[in-house]
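Asker: Below is a structure I'd like to ask you about.
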Amino acid sequence: MGNRSPVDAPEAVRIIGIGASAGGLVALEEFLHRIPPDSGIACVVVQHLDPTQKGLLPELLQRVTAMPVRAAEQGMRVEPGHVYVIPPNTELTVVGTTLHLGAPAEPRGMRLPVNILFSSLAGGQGERAIGVVLSGMGSDGTAGLEAIKAVGGLTAVQDPESAQFDSMPRSAINAGCADIVATPSELPERILAVVREASAVSGEALPSDISTPLERIVAALQQRIRHDFSLYKPSTLQRRTERRMAIHGIASLEEYAAFLEHNAQEAELLFKELLIGVTSFFRDPAAWEYLADTVLPELLERQKGTEKLRAWVIGCSTGEEAYSLAMVFTEVMERSPQPPAVTLQIFASDLSPDGIATARRGRYPLAIADDVSPERLARFFTAHEHHYQVIPGIRDMVLFSQHDVILDPPFTKLDLIACRNLLIYFGPVLQRKLLPLFHYSLRPGGVLFLGTSETVGQFNHLFTPIESRLRFYQRQDHTYMGGRDFLPHAFPPLSGPSKERPVSPSEVSSQPTDALQAAADQVLLQVYAPAAVVLNADGDIVYVSGHTGKYLEPAAGKANWNIFAMAREGLGGPLAGALKKAAKADRPVHLHSLEVPTHAGVQRVDVTVHAFHDASPLRGMTMIVFRDLAPSTAGQGGRRNKGKGAMPAAHAAELQQYRAEIEALREEARTAREDSQAATEELQSANEELQSSNEELNSSKEEMQSMNEELQTINAELQAKLDDLALAQSDMQNVLNSIDIAILFLDQNLDVRRYTDQAARVFRLRESDVGRPLSDLTTSLEYPELHDDARDTLRTLAVSEKQITTDDGRWFTVRIMPYRRVDNVIDGVVITMVDITETKRLEAGLRD
301 MGNRSPVDAP EAVRIIGIGA SAGGLVALEE FLHRIPPDSG IACVVVQHLD
351 PTQKGLLPEL LQRVTAMPVR AAEQGMRVEP GHVYVIPPNT ELTVVGTTLH
401 LGAPAEPRGM RLPVNILFSS LAGGQGERAI GVVLSGMGSD GTAGLEAIKA
451 VGGLTAVQDP ESAQFDSMPR SAINAGCADI VATPSELPER ILAVVREASA
501 VSGEALPSDI STPLERIVAA LQQRIRHDFS LYKPSTLQRR TERRMAIHGI
551 ASLEEYAAFL EHNAQEAELL FKELLIGVTS FFRDPAAWEY LADTVLPELL
601 ERQKGTEKLR AWVIGCSTGE EAYSLAMVFT EVMERSPQPP AVTLQIFASD
651 LSPDGIATAR RGRYPLAIAD DVSPERLARF FTAHEHHYQV IPGIRDMVLF
701 SQHDVILDPP FTKLDLIACR NLLIYFGPVL QRKLLPLFHY SLRPGGVLFL
751 GTSETVGQFN HLFTPIESRL RFYQRQDHTY MGGRDFLPHA FPPLSGPSKE
801 RPVSPSEVSS QPTDALQAAA DQVLLQVYAP AAVVLNADGD IVYVSGHTGK
851 YLEPAAGKAN WNIFAMAREG LGGPLAGALK KAAKADRPVH LHSLEVPTHA
901 GVQRVDVTVH AFHDASPLRG MTMIVFRDLA PSTAGQGGRR NKGKGAMPAA
951 HAAELQQYRA EIEALREEAR TAREDSQAAT EELQSANEEL QSSNEELNSS
1001 KEEMQSMNEE LQTINAELQA KLDDLALAQS DMQNVLNSID IAILFLDQNL
1051 DVRRYTDQAA RVFRLRESDV GRPLSDLTTS LEYPELHDDA RDTLRTLAVS
1101 EKQITTDDGR WFTVRIMPYR RVDNVIDGVV ITMVDITETK RLEAGLRD
């Protein structure tokens, strides 16, 4: 995917680019006749013209429209309500709102002026660009419409049934880049309706409940397409959805959500709309130069003893970026004075099946010459009449796979990840999920290559910049503290679009610990001020304020910061109940007059338990605040005890005995508690070992999932090659059978390898005869030396040719040639038998 083009100001003129060729004059007249002069639209017309003749097109078009029609001139400003026509023997582009003329870059017969105009509109107008293809021969305009569609513009094509020459319209329709297909007289109203609808939608303020219809749209896509877009940026979803709304003339998101829920075909079209990406070979040349000069050589230097580098291109679209990486690596290896025996394996993935299919073919239009240097075109491509084909050496370095980076297991043990201009379409929640996943997938010292508008954000502890301006980052050997929650889970994922909570300036901090301490101190100073502790969700103490020794003490044995292990006698039970209540309540829970035994006697204390549920650094944590009661409250108990001291001596002795028994019971209880704590610690230790084993099993499972993903990708590649081989074999068999010549293929042992239907009649062959020696075959040829001649040809590589008769009076020219493979290895002989019976009869007749 790619960067979104900037949107022009609302007052900027809207430009329609119109391309036509043979038979286009009639279509242009019908089209322009239907555009109102006050529509605010400017039309730029490009038609294939004879470069040696004076252009009369402006005068011809002026007869059918009230808008002024002018021949384009260098630097002419585009005004609304005007028509501008390309002059002969020029190329016309639009830069902003200015026309630019240039000399044709290609010789006559290879010019694609419509593509050039449309590409300039896509680059300058962005989603405001409009392209129209009318009658004409060839495929000019198709690549330009694809560029307009990629940036979110509008594309329209004449109905081929109404065109005098339908090649250009059909090419655009077959490429899947036509939003509107209609006759020339119907196209203007359809286009103007979309423009009016888009203007109305963009001019409205966004409703506060916009998330509800977007959630319905996401749910409908999830149900029909089985892909989840809930974590995409809402602005991206809304912009692409509004484009489909404008095409159908739907005014609100609610209406479109209802339309989508009952229309499976529209779900497919919206899915493709959301996956539209902008890509090209060697995009951002400075970044690719740095990759070739610095990044790849350093990776090769570190890979001493390793035979293969592994790279993952995420969101590869139609494959240009993956092939660019393969070409750069090949050049780096060729420049190296002592190239190491290292290969590069590139995994290229995308969500779009159409994009993956295009990438696997490795076939690109002639327009890529604008992005690829002539040296690279000659080195890495095979030129054809209408396209360039990637050479097999580069194609074999890349494995393409349809892959959802959000849900599917990631590729692992990678040295390089290229994820360029993809994160900009994702919301912050998904970005924070994917960057730790990239860290997990890379080997130590691996490199992350992002787009020009992307950074690693708050994950600077996972990645350090190599060249921040060009967006190269190196993996740091740092364990992500978020655990493994970033790894993909089973479908279905989230049910609705994500909403990012607002962050106040006081919450921003570079370290989570600092943010926790600052927030806790602020709450304590403003509200409580006494001794307090902060617990996490497991009841472990993560922060202490004030003197808490009267209420908490370390437990014997292994260090344990759990509140229930550290709470003094009299606090553990009440705190457990209060924590449960606070977790479910919105208000603090208060405990009054709890008795806590201390070295100075029994201390009465009030306890407040406050669970934090709001969006703050303390979210999910609990604060416990301790307040000692006033001395007067404790004094009343002292006076009561003092009054009870004036009792008879017998009672005093009995009381002393009871106290001794109570103390003994307390000692026994303390011993039992210590034994219980020791057993708990042993269980915790065993639990930690089990958790560690579980982590290892999870890691092994994830690696197996990743390996399975790679095997599936390789299997898909092999299956595609098998299909190609089967098709080539069928083609060859049909060719051999259609030439009406008897041909027999023998291997090095002169055993039958393959034969044509005509050869089967001469040698009386059946399918079971494949693999039989030539000497065992029964033939109608009166040629007993056939086996010896074939053996001599195999030995000397000399061609043998003789005229031989058959037992039924026919004549054949029998030619024996070596069978030479494409790698110039002799692997048998080929015997061809041409029937010359008629020639012999004619020759005999002439002699007579």
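Following this note's numbering, the numbering of the sequence shown begins with 301 at its first residue and continues without gaps. Quick reminder that beta carbons are idealized off the backbone N, C-alpha and C, glycines included. Values in this document were obtained by computation on a predicted structure and should not be read as measured data.
#1: Applying the 10 Å Cβ sphere with the 16-neighbour rule, what's the burial state of Q984?
#2: Between L1086 and V1052, what straight-line distance do the alpha-carbon atoms span, to the nearest angstrom?
#3: Going by beta carbon distance, what residues of the same chain come within less than 7 Å of Y664, once the five residues before and after it are set aside?
#4: State the start and end residues of the unbroken alpha helix (DSSP H) segment that holds F629.
#5: What is the rounded straight-line gap between the Cα of L600 and the Cα of V495?
#6: Going by beta-carbon coordinates alone, are A520 and L560 separated by less than 7 Å?
#7: Thinking C-beta only, is S649 closer than 7 Å to S701?
#8: Please report the distance separating the alpha-carbon of E461 from that of N760.
#9: In or out: V808 buried (at least 16 other Cβ within 10 Å) or exposed?
#10: What separation, rounded to the nearest whole angstrom, lies between the Cα atoms of G746 and F581?
#11: Give a yes or no on whether the C-beta atoms belonging to G693 and R720 are separated by under 7 Å.
#12: Check whether the segment 706 to 726 and the segment 672 to 691 are in contact - that is, three or more C-beta pairs closer than 8 Å.
#13: Would you list, in sequence order, the uninterrupted alpha helix (DSSP H) runs of no fewer than 4 residues that lie entirely inside the segment 543 to 619?
#14: With contact counted as at least three CB pairs below 8 Å, one residue from each stretch, are the segment 657 to 674 and the segment 723 to 735 in contact?
#15: Sorted by chain position, which residues of the same chain lie with C-beta nearer than 7 Å to V690's C-beta, five sequence neighbours on each side aside?
#16: For A1060, write down the residues that DSSP places opposite it in a beta bridge.
#17: Cα separation between K1021 and R695?
#18: Per DSSP, M1007 forms a beta bridge with which residues?
#19: Short check: CB of L412 to CB of V346, under 7 Å?
#20: How many Å lie between A551 and H333 at the Cα?
#21: List the DSSP bridge partners of G901.
#22: Would you tell me roughly how many angstroms separate the C-alpha atoms of S1080 and Q1058, rounded to the nearest one?
#23: Roughly how many angstroms lie between the CA atoms of Y740 and T980, to the nearest whole one?
#24: Assign A876 to buried or exposed, taking buried as 16 or more other Cβ atoms, counted over all protein chains shown, within 10 Å of its Cβ.
#25: What three-state label does DSSP hand F749 in the structure shown?
#26: Run the CB neighbour count on P488, radius 10 Å, all protein chains shown included, and call it buried at 16 or more, exposed below.
#27: State the beta-bridge partners of C719 as determined by DSSP.
#28: Distance, Cα to Cα, G943 vs T898?
#29: Quick one: Cα of I841 to Cα of E515, how far?
#30: State whether the segment 994 to 1007 contacts the segment 879 to 899, with contact taken as three or more CB pairs (one from each stretch) at a distance under 8 Å.
#31: Is E685 helix, strand or coil by DSSP?
#32: Is there contact between the segment 1096 to 1104 and the segment 1114 to 1123, where contact requires at least three CB pairs shorter than 8 Å?
#33: Would you kindly report the start and end of the unbroken beta strand (DSSP E) that includes E391?
#34: Within 10 angstroms of its Cβ, does E1082 collect 16 or more other Cβ (buried), or is it exposed?
#35: For L835, which residues does DSSP report across the bridge?
#36: Starting from K858, trace the alpha helix (DSSP H) in both directions and tell me its first and last residue.
Answerer: Put simply:
#1: Here residue 984 refers to the residue found at position 684 when the sequence shown is read from its first residue. By the 10 Å Cβ count, Q984 comes out exposed.
#2: Working through the sequence shown from its first residue, we reach residue 1086 at position 786. Working through the sequence shown from its first residue, we reach residue 1052 at position 752. The straight-line gap from Cα to Cα measures roughly 14 Å.
#3: Here residue 664 refers to the residue found at position 364 when the sequence shown is read from its first residue. Correct list, in chain order: H687 and Y688.
#4: Mapped onto the sequence shown, residue 629 falls at position 329. Its alpha helix (DSSP H) spans residues E620 to R635.
#5: Against the sequence shown, residue 600 aligns to sequence position 300. Against the sequence shown, residue 495 aligns to sequence position 195. In a straight line, the C-alpha of L600 is about 53 Å away from that of V495.
#6: Numbered from its first residue, the sequence shown carries residue 520 at position 220. Numbered from its first residue, the sequence shown carries residue 560 at position 260. Yes, these two residues count as a Cβ contact at 7 Å.
#7: Mapped onto the sequence shown, residue 701 falls at position 401. Mapped onto the sequence shown, residue 649 falls at position 349. Yes, they are a contact pair.
#8: Here residue 461 refers to the residue found at position 161 of the sequence shown. Here residue 760 refers to the residue found at position 460 of the sequence shown. E461 and N760: Cα-Cα distance of roughly 59 Å.
#9: Your numbering for residue 808 matches position 508 in the sequence shown. With a pLDDT of 41 at V808, under the threshold of 50, the modelled position of that residue is not reliable, and the figure given next carries that caveat. Label assigned to V808: exposed.
#10: Start at 1 with the first residue of the sequence shown, and residue 746 comes out as number 446. Start at 1 with the first residue of the sequence shown, and residue 581 comes out as number 281. Roughly 23 Å separates the two Cα atoms.
#11: If you number the sequence shown from 1, residue 693 lands on position 393. If you number the sequence shown from 1, residue 720 lands on position 420. No; because the gap between Cβ atoms is not below 7 Å, this pair is not in contact.
#12: No, the segment 706 to 726 does not touch the segment 672 to 691.
#13: Unbroken alpha helix (DSSP H) stretches of 4 residues or longer found wholly inside the segment 543 to 619: 553 to 561, 564 to 574, 585 to 590 and 596 to 602, given in chain order.
#14: At 8 Å Cβ cutoff, the stretches do not touch.
#15: Position 390 of the sequence shown, counting from 1, holds the residue named residue 690. Here V690 has Y623, G662, F680 and F681 as same chain residues with Cβ atoms under 7 Å from its own Cβ, once five neighbours each way along the sequence are excluded.
#16: By 1-based counting over the sequence shown, the position of residue 1060 is 760. Looking at the DSSP assignment, A1060 forms no beta bridge with any residue, so it has no partner.
#17: Locating residue 1021 in the sequence shown gives position 721, counting from the first residue. Locating residue 695 in the sequence shown gives position 395, counting from the first residue. The straight-line gap from Cα to Cα measures roughly 12 Å.
#18: Mapped onto the sequence shown, residue 1007 falls at position 707. Beta-bridge partners assigned by DSSP to M1007: none are found.
#19: On the sequence shown, residue 412 is found 112 positions in, with the first residue counted as 1. On the sequence shown, residue 346 is found 46 positions in, with the first residue counted as 1. Against a cut-off of 7 Å, the Cβ pair of V346 and L412 comes out as no contact.
#20: Here residue 551 corresponds to residue number 251 of the sequence shown, with the count starting at 1. Here residue 333 corresponds to residue number 33 of the sequence shown, with the count starting at 1. Distance between the alpha carbons of A551 and H333: 28 Å.
#21: Residue numbering aside, residue 901 sits at position 601 when the sequence shown is read from its first letter. Paired residue(s): T898.
#22: Along the sequence shown, one-based indexing puts residue 1080 at 780. Along the sequence shown, one-based indexing puts residue 1058 at 758. The straight-line gap separating the alpha-carbon atoms of S1080 and Q1058 is approximately 13 Å.
#23: Counting from 1 along the sequence shown, the entry for residue 740 is found at position 440. Counting from 1 along the sequence shown, the entry for residue 980 is found at position 680. For Y740 and T980, the distance between alpha carbons rounds to 34 Å.
#24: Position 576 of the sequence shown, counted from the first residue, corresponds to residue 876. Sixteen is the threshold: since fewer than 16 other Cβ atoms of the shown chains lie within 10 Å of the Cβ of A876, the residue is exposed.
#25: Counted from its first residue, the sequence shown places residue 749 at position 449. Note: F749 maps to strand in three-state DSSP.
#26: Numbered from 1 along the sequence shown, position 188 holds the residue referred to as residue 488. With 16 or more Cβ atoms within 10 Å of its Cβ, P488 is classed as buried.
#27: Counting from 1 along the sequence shown, the entry for residue 719 is found at position 419. Under the DSSP definition of a beta bridge, C719 partners with L750.
#28: Numbered from 1 along the sequence shown, position 643 holds the residue referred to as residue 943. Numbered from 1 along the sequence shown, position 598 holds the residue referred to as residue 898. Low per-residue confidence applies at G943: pLDDT is 43, beneath 50, and the placement is therefore not dependable, though the value from the model is reported in the following sentence. So the two alpha carbons sit approximately 23 Å from each other.
#29: As a working mapping, residue 841 is identified with position 541 in the sequence shown. As a working mapping, residue 515 is identified with position 215 in the sequence shown. In this structure, the CA atom of I841 is about 40 Å from the CA atom of E515.
#30: No, the segment 994 to 1007 does not touch the segment 879 to 899.
#31: By 1-based counting over the sequence shown, the position of residue 685 is 385. Coil.
#32: Taking one beta carbon from each stretch, the segment 1096 to 1104 and the segment 1114 to 1123 have 3 or more pairs nearer than 8 Å; the two touch.
#33: In the sequence shown, counting from the first residue as 1, residue 391 sits at position 91. For E391, the enclosing beta strand (DSSP E) begins and ends at E391 to V395.
#34: Walking along the sequence shown from the start, residue 1082 turns up at place 782. Per the 10 Å Cβ criterion, exposed.
#35: Within the sequence shown, residue 835 is the residue found at index 535, counting from 1. For L835, DSSP records a beta bridge to I841 and T922.
#36: Taking the sequence shown and counting its residues from 1, one reaches residue 858 at position 558. No residue range can be given for K858, since it is assigned to no alpha helix (DSSP H) and is classified by DSSP as neither H nor E.
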